[in-house]
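Trainee: Each number in this note's numbering comes from the position in the sequence shown (counting from 1) with 348 added on.
Glycine is no exception: its CB is placed at the ideal position from the N, C-alpha and C atoms.
For clarity, every value in this text was computed on a predicted model and none was experimentally measured.
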Amino acid sequence: CPKTKTAHYSRITALSYNPSNKQVYTLVLNSFQMSLSRSLPRFGQRAASSIHYNSRQAQRRWHATPSGAVDAGALPLAGVKVLDMTRVLAGPYCTQILGDLGAEVIKIEHPIRGDDTRAWGPPYATYNEESGKQGPGESAYFLGVNRNKKSLGLSFQHKSGVEILHKLAKECDVLVENYLPGALKKYDMDYDTLAKINPGLIYASITGYGQTGPYSSRAGYDVMVEAEMGLMHITGHRDGPPAKVGVAITDLTTGLYTSNSVMAALLGRAKTGRGQHLDVSLADCQVASLANIASSCLISGKPDTGRWGTAHPSIVPYKGFQTKDGSVMLGGGNDRLYGVMCEKLGRPEWIKDPRFVTNAERVKHRDELEELVETVTKTKTTQEWLDVLEGSGMPYAAINDIQGTLQHEHTNARNMVTEVEHPSCGPMKLLSPPVKFSESKPSIRSAPPTLGQHTQEVLTEVLGMSADDVEKLRTDGVVA
Numbered sequence: 349c350p351k352t353k354t355a356h357y358s359r360i361t362a363l364s365y366n367p368s369n370k371q372v373y374t375l376v377l378n379s380f381q382m383s384l385s386r387s388l389p390r391f392g393q394r395a396a397s398s399i400h401y402n403s404r405q406a407q408r409r410w411h412a413t414p415s416g417a418v419d420a421g422a423l424p425l426a427g428v429k430v431l432d433m434t435r436v437l438a439g440p441y442c443t444q445i446l447g448d449l450g451a452e453v454i455k456i457e458h459p460i461r462g463d464d465t466r467a468w469g470p471p472y473a474t475y476n477e478e479s480g481k482q483g484p485g486e487s488a489y490f491l492g493v494n495r496n497k498k499s500l501g502l503s504f505q506h507k508s509g510v511e512i513l514h515k516l517a518k519e520c521d522v523l524v525e526n527y528l529p530g531a532l533k534k535y536d537m538d539y540d541t542l543a544k545i546n547p548g549l550i551y552a553s554i555t556g557y558g559q560t561g562p563y564s565s566r567a568g569y570d571v572m573v574e575a576e577m578g579l580m581h582i583t584g585h586r587d588g589p590p591a592k593v594g595v596a597i598t599d600l601t602t603g604l605y606t607s608n609s610v611m612a613a614l615l616g617r618a619k620t621g622r623g624q625h626l627d628v629s630l631a632d633c634q635v636a637s638l639a640n641i642a643s644s645c646l647i648s649g650k651p652d653t654g655r656w657g658t659a660h661p662s663i664v665p666y667k668g669f670q671t672k673d674g675s676v677m678l679g680g681g682n683d684r685l686y687g688v689m690c691e692k693l694g695r696p697e698w699i700k701d702p703r704f705v706t707n708a709e710r711v712k713h714r715d716e717l718e719e720l721v722e723t724v725t726k727t728k729t730t731q732e733w734l735d736v737l738e739g740s741g742m743p744y745a746a747i748n749d750i751q752g753t754l755q756h757e758h759t760n761a762r763n764m765v766t767e768v769e770h771p772s773c774g775p776m777k778l779l780s781p782p783v784k785f786s787e788s789k790p791s792i793r794s795a796p797p798t799l800g801q802h803t804q805e806v807l808t809e810v811l812g813m814s815a816d817d818v819e820k821l822r823t824d825g826v827v828a
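Below, the structure written as structure tokens:
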């Protein structure tokens, strides 16, 4: 009952001020488990039975794990079900994060085409002979953001498809979608409709410009928002035109913001007993990620900080310099580190040079100093400079390509690349979840799915349909 929940959380708040009180750990753990594994009572159900049901379902769902895989029951989001109605990058990146943390992610895909990115190639991971599949293979783009998910090929152009989605929404804790505002209303898959079916549902909508505002009806594309919301204008060579960032950073940032907000909403649900609608836009997330640069403009009134390539607008030297065979980043972040750099470059006389004695003077004489530094860095290879600078305490780094990054000794030491067995392509390498937990062990529990790989499993195990029911849906073109 509400009073009980309020008392429970007040107790947690009071105890949390006393770290020595051992009760707090048990209570906080219980609050997390409740927030992440329980659903609100369905119509006609008592709260206790609802919690018991989800706990039992979570145990059944995750009991059997592949050999060597981490038991998802030990992960932070174990027991949480996510209905993933997203395509391309921002949404799938969000749901992949949730899946990495233990959520059961059910990805809804068009029964014929699947996610748009399945066709975005080359490169493709080719099908092996055992799969019997034709075509170029699985798109590297799709493989990059869809691990730890189950694929359900389903058309909600059919009434039966909508009914299936409603049943899934009733069973799920979270729904993430990235359709234009209002587009799902005609299928009765909008938040207001689903909140009546499942009042505890966390419903996250990812759009280009949000559910409100003059641009809300516009479709959102990473590079367009990157251009319109300032990032492109401050990216590129100092004297060159605007440039886009090398990855779809606006999409990725939005995916991160959304996953964090979903988890916060789950914690909020444990306190209030209610789900809510999360209105997430590429535009808002891009503006927010301008961070200190936007703050500088708000305070100074200037249009922006300009384009600086690899350089820093207010610290010199702090940029990439050419070597004999590549480039190296050097950073004289303060007067002491600048002095270290001068010593390592074999030019201690620069420390006392009146043009460079303070950062303010170095900024004023930027071009002269950077030219002098590059004259020296060109005399050695990148690796030779890395050897010289090792242990100096100053900022430095090789500018590596992506293969160099993936094969980097530190990347390997941190296990940031994992080999998995794909059901149709065989062994393949994927990026690993980046955050290391001391207790939970997020990992790649399942390779990115083939289209409709889990249709039978989801419909029979989650919704309790018979094999005959599923076969009829296949025949009618509702599922694949």
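Assess, as a yes-or-no matter, whether the stretch 771-782 is touched by the stretch 471-481 under the definition of 3 or more beta carbon pairs within less than 8 Å.
Mentor: Touching, yes, given that three or more Cβ pairs across the two stretches are closer than 8 Å.
Trainee: What are the residues that DSSP puts in a beta bridge with residue 322?
Mentor: Because the chain is modelled from 349 through 828, residue 322 falls outside the range shown and cannot be assessed.
Trainee: Which partner residues of residue 647 appear in the DSSP bridge assignment?
Mentor: The partner list for residue 647 (beta bridge, DSSP) is empty, contrary to what the question assumes.
Trainee: Rounded to the nearest angstrom, what separates residue 767 and residue 445 at their Cα positions?
Mentor: Going from the Cα of residue 767 to the Cα of residue 445 covers about 18 Å.
Trainee: Which residue wins for smallest C-alpha separation from residue 521, given the options 535, 432 and 495?
Mentor: Nearest C-alpha to residue 521: 432.
Trainee: Please confirm if the stretch 748-764 is in contact with the stretch 687-701, defined as three or more CB-CB distances below 8 Å between the two stretches.
Mentor: No, they do not touch.
Trainee: Whole angstroms are fine: how far does the CA of residue 799 sit from the CA of residue 485?
Mentor: Their Cα atoms are separated by approximately 12 Å.
Trainee: With H, G and I counted as helix, E and B as strand and the rest as coil, what does DSSP make of residue 436?
Mentor: Coil, per DSSP.
Trainee: Measuring straight from C-alpha to C-alpha, what distance separates residue 388 and residue 546?
Mentor: With a pLDDT of only 41 at residue 388, under the threshold of 50, the placement of this residue in the model should not be trusted; the figure read from the coordinates follows. Cα to Cα, residue 388 sits roughly 8 Å from residue 546.
Trainee: Identify every residue that forms a DSSP beta bridge with residue 745.
Mentor: The partner list for residue 745 (beta bridge, DSSP) reads 677.
Trainee: Across which residues does DSSP place residue 734 in a beta bridge pair?
Mentor: In DSSP, residue 734 forms no bridge with anything.
Trainee: Within 10 Å of its beta-carbon, does residue 655 have 16 or more other beta-carbons around it, so buried, or fewer, so exposed?
Mentor: By the 10 Å Cβ count, residue 655 comes out buried.
Trainee: Is residue 627 helix, strand or coil when you go by DSSP?
Mentor: Note: residue 627 maps to strand in three-state DSSP.
Trainee: Please state if the CB of residue 557 and the CB of residue 625 are separated by a distance shorter than 7 Å.
Mentor: No, the Cβ-Cβ distance between residue 625 and residue 557 is not below 7 Å.
Trainee: Identify the continuous alpha helix (DSSP H) that holds residue 544 and give its terminal residues.
Mentor: Counting along the chain, the alpha helix (DSSP H) containing residue 544 begins and ends at 539-545.
Trainee: In whole angstroms, what separates the C-alpha of residue 568 from that of residue 801?
Mentor: Between residue 568 and residue 801, the C-alpha separation is close to 29 Å.
Trainee: Does the distance from the C-beta atom of residue 559 to that of residue 529 stay below 7 Å?
Mentor: For residue 559 and residue 529, yes; Cβs fall inside 7 Å.
Trainee: For residue 515, does the three-state DSSP call read helix, strand or coil?
Mentor: Three-state DSSP puts residue 515 in a helix.
Trainee: Under the DSSP definition of a beta bridge, which residues are partnered with residue 457?
Mentor: Partner(s): 501.
Trainee: Residue range of the alpha helix (DSSP H) that residue 600 falls in?
Mentor: Where residue 600 is concerned, the enclosing alpha helix (DSSP H) stretches over 597-620.
Trainee: Quick one: what does DSSP say residue 770 is sitting in, helix, strand or coil?
Mentor: If DSSP states are grouped into helix, strand and coil, residue 770 belongs with the strands.
Trainee: If you draw a straight line from the C-alpha of residue 805 to the C-alpha of residue 616, how long is it?
Mentor: Their backbone Cα atoms lie some 31 Å apart in a straight line.
Trainee: If I measure Cβ to Cβ from residue 489 and keep anything under 6 Å in the same chain, skipping five residues before and after, which residues do I get?
Mentor: Excluding positions up to five away in sequence, the list reads 465 and 468.
Trainee: Would you call residue 408 buried or exposed, if buried means 16 or more other Cβ atoms sit within 10 Å of its Cβ?
Mentor: Because the pLDDT of residue 408 is 35, which lies under 50, any placement of that residue in the model is unreliable, and the number read from its coordinates should be weighed accordingly. Under this definition residue 408 is an exposed residue.
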